[in-house]
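Comments concern the structure below.
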Amino acid sequence: MLVQNLQREIIYLICESICPHCQNLYEDWPALGCSAPPPAVIERRQTIFNLSLVCKRWGCIAQKVLHHHFGHFETHPKAEFLFCRTLPENPELGKHVKLARIRQISEYDWSLDEEWLAKSLEKFSGVLDFPEASSVPDISKWGEFIAPLILLQVPTLDKLSM
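Just so we're aligned: 66 in full-length UniProt numbering is position 66 of the sequence shown, and the numbers increase by one with no gaps anywhere.
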């Protein structure tokens, strides 16, 4: 049997058995921000990411495992931006997010992605009475608000930490 033809349930179990969150490998870590995750944890995350590149079938399943628990392993503001950008672009993936921890998105250089930020803020302009994106002189100042707006739209989110 070819690896691409494995049943979805088996692929999911393989990914889950590697996932540091599913295996509770984070329980004995120091407080967030005190130190980087252990190398074994980083290696496991990378392995799941690599599995997501095997083929489309594996990618779809591995990405669900990668995104179901976001924030323990991501240590750069760009990772948080990419996560928040991915959810509206792939709503099916958003259905698998259970926990999100956003810590550094306010440090992200929003001028690099002003076009995406403007479009996203435009979508939410009616929700919280945001001004029109085109009328805001420095749109990057609104960047830190987009993550909670996007994540509060995720139907399966059990916990959001900011």
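No residue lacks a Cβ here, since even glycine has one placed at the ideal position from N, Cα and C.
Outcome for R8 when other beta-carbon atoms lying within 10 angstroms are tallied against a minimum of 16: That one is exposed.
Per DSSP, H69 forms a beta bridge with which residues? L99
From the DSSP secondary-structure annotation, give me the bridge partner or partners of L160. A100
One question on the structure: do I48 and I11 come within less than 9 Å of each other, judged by their Cβ atoms? no
Using the beta-carbon count (16 or more within 10 Å), is V3 buried or exposed? exposed
Residue environment, C55, which counts as buried when at least 16 other CB atoms sit within 10 Å: exposed
Assuming Y12 is part of the alpha helix (DSSP H), what are its boundary residues? 8 to 18
Whole-Å CB distance - H72 paired with H96, under 8 Å assumed: Not a contact, Cβ separation roughly 16 Å.
Apart from the five residues just before and just after L93, which ones in its own chain have a Cβ nearer than 8 Å to its Cβ? Q63, K64, H67, T86, L87
Using the C-alpha atoms, what's the distance from G126 back to S17? 42 Å
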